[in-house]
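First residue of the sequence shown: 62, per the numbering used here; consecutive thereafter.
Positions of the beta carbon are idealized from the N, C-alpha and C atoms, including for glycine.
This one's a predicted model, so the numbers in the text were calculated from it and none came from an experiment.
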Amino acid sequence: MSNRTTAKPNDLSAFWMPFTANRQFKKEPRLFVGAKDMHYTTHDGRTVLDGTAGLWCVNAGHCRPKITEAIAQQAGELDYAPAFQLGHPKAFELATRLVDIAPEGMEHVLYTNSGSESVETALKVALAYHRAKGDGSRTRLIGRERGYHGVNFGGISVGGIVSNRKMFGTLLTGVDHMPHTHMPAKNAFSRGIPDHGGVDIATELERIVTLHDASTIAAVIVEPVAGSTGVLIPPKGYLAKLREICTKHGILLIFDEVITGFGRLGAPFAAQFFDVKPDIITTAKGLTNGVIPMGAVFVTKDIHDTFMTGPEHLIEFFHGYTYSGNPIASAAALATLDTYKEEGLLTRAAELGPYWENALHSLKDCPNVIDIRNVGLIGAIELAPIAGEPTKRAFTAFLKAYEKGLLIRTTGDIIALSPPLIITKAQIDELFDKLRDVLMNNI
Ligand code: PXG
Numbered sequence: 062m063s064n065r066t067t068a069k070p071n072d073l074s075a076f077w078m079p080f081t082a083n084r085q086f087k088k089e090p091r092l093f094v095g096a097k098d099m100h101y102t103t104h105d106g107r108t109v110l111d112g113t114a115g116l117w118c119v120n121a122g123h124c125r126p127k128i129t130e131a132i133a134q135q136a137g138e139l140d141y142a143p144a145f146q147l148g149h150p151k152a153f154e155l156a157t158r159l160v161d162i163a164p165e166g167m168e169h170v171l172y173t174n175s176g177s178e179s180v181e182t183a184l185k186v187a188l189a190y191h192r193a194k195g196d197g198s199r200t201r202l203i204g205r206e207r208g209y210h211g212v213n214f215g216g217i218s219v220g221g222i223v224s225n226r227k228m229f230g231t232l233l234t235g236v237d238h239m240p241h242t243h244m245p246a247k248n249a250f251s252r253g254i255p256d257h258g259g260v261d262i263a264t265e266l267e268r269i270v271t272l273h274d275a276s277t278i279a280a281v282i283v284e285p286v287a288g289s290t291g292v293l294i295p296p297k298g299y300l301a302k303l304r305e306i307c308t309k310h311g312i313l314l315i316f317d318e319v320i321t322g323f324g325r326l327g328a329p330f331a332a333q334f335f336d337v338k339p340d341i342i343t344t345a346k347g348l349t350n351g352v353i354p355m356g357a358v359f360v361t362k363d364i365h366d367t368f369m370t371g372p373e374h375l376i377e378f379f380h381g382y383t384y385s386g387n388p389i390a391s392a393a394a395l396a397t398l399d400t401y402k403e404e405g406l407l408t409r410a411a412e413l414g415p416y417w418e419n420a421l422h423s424l425k426d427c428p429n430v431i432d433i434r435n436v437g438l439i440g441a442i443e444l445a446p447i448a449g450e451p452t453k454r455a456f457t458a459f460l461k462a463y464e465k466g467l468l469i470r471t472t473g474d475i476i477a478l479s480p481p482l483i484i485t486k487a488q489i490d491e492l493f494d495k496l497r498d499v500l501m502n503n504i
């Protein structure tokens with residue numbers, strides 16, 4: 062008989078936590094036990110202002126009644142329906158609603174359960190698309206240095222964050238990486254889209270295409286704004302130039318909008334904000350307001366129709382998940398879209414953007430701040446690392462902010478901010494007052 066059942070309910074040891082300093086956490090746990098709108102409640106009864114929308118996902122704020130009610134209702138009505146060769150109405154209704162707000166030309170949706178799965182799905186669609194067209198030599202995938210596309214093998218292969226890759230062997234073969242877009246020497250303290258270098262950095266893709274030959278390349282994948290690596294905003298002209306090069310060479314362009322999708326920049330999708338049309342868009346997070354795991358991959362009519370050939374009784378694309386379009390996730394997503402619509406949240410970041418930008422850049426005079434950048438309702442503050450102890454300064458800021466009742470995210474020595482889109486101006490002031498307090502205090 063196992064003696065493990067003797068573990069106390071508050072024993073923290075069994076759960077090996079994701080992307081967490083487990084030993085530090087378990088010595089000094091930080092647990093949330095409740096949430097409402099812009100705030101979390103901690104296990105020791107304190108209120109914490111959510112400066113990060115959970116992990117970039119709770120775009121409508123916490124415990125919104127429409128969403129929680131839709132989930133309860135759906136769980137009692139139809140809990141699960143098989144996803145293969147059968148369906149249920151809400152998955153179809155949701156796909157239609159999603160296509161309605163997506164950039165023009167995105168006409169079909171495949172469902173997943175996370176951003177990582179959306180990325181794998183998109184990469185597989187791209188490879189299979191070329192093959193279905195009789196262009197099967199297009200097998201290479203091009204990502205970018207510092208890119209984050211989730212944690213599965215395809216995603217870490219095209220991704221460019223070294224710690225997420227180096228422990229895991231040879232990854233996918235036939236992958237190359239473009240340079241990242243961070244140019245602090247020219248673009249530090251830019252307000253909004255940086256001015257310098259966009260077209261030149263994007264033109265590096267031409268060099269990679271020349272090296273491998275276009276006939277071997279299936280797709281280029283980028284985050285329109287790189288999030289996880291510490292908020293790298295594409296300089297002027299960058300994304301349009303990537304589009305131009307991909308189109309010229311018959312390469313599919315994938316925008317990974319897991320963070321930028323659903324209003325983060327002030328338009329439903331970054332593709333609309335930047336006015337650049339990709340061939341495939343990956344999403345998750347804000348699709349259900351983070352409440353239930355779900356992702357969606359948008360594809361063009363051309364991509365979809367390329368698969369719709371051959372005998373009609375045959376499966377056209379050998380891919381899918383047990384939970385693709387799960388009824389409860391679909392109900393949550395529909396209620397999320399309703400909430401976004403009723404409250405104008407998919408464009409609210411555009412209205413609040415200037416106020417957010419001014420408040421954020423007011424921290425420029427704080428010690429150790431070496432860059433501040435922003436777009437939509439995203440902000441980043443880059444700190445000078447402590448000599449010999451990279452990441453420590455930002456992690457200390459995270460701990461101190463938490464003590465002061467503010468949730469921020471850090472990666473390396475960069476603080477990233479991405480509050481729920483319902484944040485008020487008074488709460489923006491509160492957020493930056495608290496953060497100033499943290500940064501001024503010798504971290
Ligand atoms: N693509 C992008 C662009 C992402 O940002 C994923 C894929 C993977 O999604 P899932 O649902 O599999 O985690 C992401 C996730 C952070 C942070 O603080 C960012 C993510 C996840 C957790 C933390 O930067 N992005």
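Less than 8 Å between the CB atoms is what I'm expecting for Ala287 and Val337, so what's the real figure, rounded?
-> The pair is not a contact, with the Cβ atoms about 15 Å apart (cut-off 8 Å).
Over the uninterrupted alpha helix (DSSP H) stretch that includes Arg158, give me the two end residues.
-> 150-162
Closer than 6 Å: Ala275 CB and nearest the ligand PXG heavy atom | Checking the Cβ of Ala275 against the ligand PXG gives no.
Alpha carbon to alpha carbon, what distance is there between His241 and Arg497?
-> 29 Å
Which one or two residues does DSSP pair with Lys97 in a beta bridge?
-> His100
Between the C-alpha atoms of Ala390 and Val186, what's the straight-line distance to the nearest angstrom?
-> Ala390 and Val186: Cα-Cα distance of roughly 23 Å.
Which residue comes first and which comes last in the alpha helix (DSSP H) that contains Leu421?
-> First-last of the alpha helix (DSSP H) with Leu421: 406-422.
Is Gly324 near Leu406, with beta carbons less than 7 Å apart?
-> yes
Given 8 Å as the limit, is there contact between the stretch 241-259 and the stretch 291-311, that is, 3 or more CB pairs closer than that?
-> yes
Runs of beta strand (DSSP E) wholly within the stretch 242-327 (minimum 3 residues, chain order) = 278-283, 313-317
Pull up the distance between the alpha-carbon of Ile320 and that of Ala420, whole angstroms please.
-> 22 Å
By Cβ distance, which residues of its chain are closer than 7 Å to Pro339, with the 5 residues on each side in sequence left out?
-> Leu314, Ile315, Phe316, Ala332
Nearest-angstrom beta carbon gap, Gly216 and Val260 [assumed within contact, 8 Å] | In this structure Val260 does not touch Gly216 by the C-beta definition: roughly 27 Å separates them, more than the 8 Å allowed.
Please state whether DSSP places Arg226 in a helix, a strand or coil.
-> helix
Cβ of Gly420 versus every heavy atom of the ligand PXG: is any distance shorter than 6 Å?
-> Before going on, a small fix: residue 420 reads as Ala here, not Gly. No, the ligand PXG has no heavy atom inside 6 Å of this Cβ.
Since Asn120 and Leu482 are thought to touch, with beta carbons under 8 Å apart, how far apart are those beta carbons, to the nearest angstrom?
-> 5 Å
6 Å Cβ shell around Ser177 - same chain, five flanking residues per side excluded | Gly211, Val212, Asn213, Gly216
Are there 16 or more other CB atoms within 10 angstroms of the CB of Gln135, so buried, or fewer, so exposed?
-> Burial call: buried.
What does a CB cutoff of less than 6 Å around Glu206 pick up in its chain, not counting 5 residues either side in sequence?
-> Gly221, His238, Pro240, His241
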